[in-house]
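Here the structure comes first, spelled out in structure tokens, and everything after it is commentary.
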Amino acid sequence: AQSVAQPEDQVNVAEGNPLTVKCTYSVSGNPYLFWYVQYPNRGLQFLLKYITGDNLVKGSYGFEAEFNKSQTSFHLKKPSALVSDSALYFCALKPGNTPLVFGKGTRLSVIA
Amino acid sequence: KAGVTQTPRYLIKTRGQQVTLSCSPISGHRSVSWYQQTPGQGLQFLFEYFSETQRNKGNFPGRFSGRQFSNSRSEMNVSTLELGDSALYLCASSPTGAVGKTSYEQYFGPGTRLTVT
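From first to last, the protein sequence lines are chains H and L. As numbered in my numbering, residues 1 to 112 make up the first sequence, in order. As numbered in my numbering, residues 1 to 117 make up the second sequence, in order.
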């Protein structure tokens, strides 16, 4: 079965420090992986995607994600966190021509 | 380009009533998907439409239905509302939903917050 796991409900990081939001996946076949961010009372905003090619994917707002096939992971990273990065982050998997499968979400809190 | 729009943004209904939510995708996008977001269940897929045809359906009861029009606008309907239907309903559009073209990201609207009392 196709699934996405975000093992941390909450991540706290100090402003200026690097941040990592973890995501692991399970899929048969090639994974199409996505990260989305949701601010309060808003829809989801696309950050980045991995389809094929370089394992390090760069996205919006300085975020990047590293695809690791052997560890079936797609962790979201940012070198220097901002208070404005505080939001709910979702990892998602698209297994072929089927709907997106979302993780439960990780709430990121960046403390000034 | 204008983003995905959803109307209304907020809605309060009573148990047993029905509701219709509307979604206008980004211009040129032919694929529209609907999701239900709740604190307990997270994001759950409802339906996906492409060129007026339902291509995928999530695990929801028959009270939940949808459709897509020739201009790609979509509506979803929930009949006989229950308290548990209170949620944020998100619509997303994608540049294409054609078979074989599955790598495109989805663009989400702001959602409709439905409260059932």
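Positions of the beta carbon are idealized from the N, C-alpha and C atoms, including for glycine. Bear in mind that the values here come from a model prediction, so they are computed numbers and not experimental data.
Inter-residue spacing [alpha-carbon to alpha-carbon] between residue i and residue j
i, j, result
"P39 of chain L", "L81 of chain L", "19 angstroms"
"F122 of chain L", "A1 of chain H", "A question about residue 122 of chain L goes unanswered here, because the residues of chain L that appear run from 1 up to 117."
"G28 of chain L", "P95 of chain L", "7 angstroms"
"E48 of chain L", "N55 of chain H", "29 angstroms"
"F63 of chain H", "F46 of chain H", "11 angstroms"
"L82 of chain H", "E15 of chain H", "5 angstroms"
"D85 of chain L", "N56 of chain L", "20 angstroms"
"Q36 of chain L", "T115 of chain L", "13 angstroms"
"V37 of chain H", "G59 of chain H", "12 angstroms"
"G58 of chain L", "V101 of chain H", "11 angstroms"
"N97 of chain H", "Q18 of chain L", "31 angstroms"
"K104 of chain H", "G53 of chain H", "27 angstroms"
"S73 of chain H", "C23 of chain H", "6 angstroms"
"Q54 of chain L", "S33 of chain L", "10 angstroms"
"A87 of chain L", "F45 of chain L", "13 angstroms"
Residues bridged to residue i (per DSSP)
i, result
"Y50 of chain H", "H:L33"
"F102 of chain H", "H:A92"
"L108 of chain H", "H:V11, H:A87"
"A87 of chain L", "L:L114"
"S94 of chain L", "L:S31"
Cross-chain neighbours of residue i in chain H, by beta carbon under 8 angstroms
i, result
"E105 of chain L", "F34, F46, K49"
"N56 of chain L", "T98, P99"
"L11 of chain L", "By Cβ distance, chain H contributes nothing, its closest Cβ being about 14 angstroms from L11 of chain L, past 8 angstroms."
"E48 of chain L", "P99"
First through last residue of the beta strand (DSSP E) which encompasses residue i
i, result
"H75 of chain H", "73-78"
"K69 of chain H", "Taken as a continuous stretch (DSSP letters only), K69 of chain H belongs to no beta strand (DSSP E), as it is neither H nor E."
"N77 of chain L", "74-78"
"V19 of chain L", "19-24"
"A5 of chain H", "3-5"
"R55 of chain L", "53-57"
"F45 of chain L", "42-50"
"Y104 of chain L", "Unbroken run through Y104 of chain L: none, as it is neither H nor E."
"K13 of chain L", "10-13"
"L26 of chain H", "In the sequence as presented, Leu is not what sits at residue 26 of chain H; that position holds Ser. Segment 24-26, the beta strand (DSSP E) holding S26 of chain H."
"V4 of chain L", "It is not in any beta strand (DSSP E) - V4 of chain L carries neither H nor E in the DSSP assignment."
"F63 of chain H", "Element bounds for F63 of chain H: n/a, residue is neither H nor E."
"G109 of chain L", "Per DSSP, G109 of chain L belongs to no beta strand (DSSP E) and is neither H nor E."
Chain L residues whose Cβ lies nearer than 8 angstroms to that of residue i
i, result
"K104 of chain H", "G42"
"G53 of chain H", "What G53 of chain H touches in chain L: nothing, since even the nearest Cβ is about 11 angstroms away."
Chain L contact residues for residue i, given Cβ-Cβ distances below 9 angstroms
i, result
"F90 of chain H", "G42, L43"
"G43 of chain H", "G3, V4, Q6, L88, L90, C91, A92, Y107, F108, G109, P110, G111"
Within chain H, the residues that residue i reaches when beta carbons sit closer than 9 angstroms
i, result
"G16 of chain L", "Ordered by position in chain H, no residue passes the 9 angstroms Cβ test against G16 of chain L, which lies about 27 angstroms from the chain."
Under 7 angstroms from the C-beta of residue i: neighbouring residues of chain H
i, result
"S33 of chain L", "P99"
With a cut-off of 8 angstroms, do at least 3 Cβ pairs link the stretch 17-31 of chain H to the stretch 63-82 of chain H?
Enough Cβ pairs lie closer than 8 angstroms, so yes.
Are the stretch 57-74 of chain L and the stretch 9-16 of chain L in contact at 8 angstroms, needing three or more beta carbon pairs?
no
Does the stretch 37-52 of chain H come within contact of the stretch 12-25 of chain L, defined as at least 3 CB pairs closer than 8 angstroms?
no
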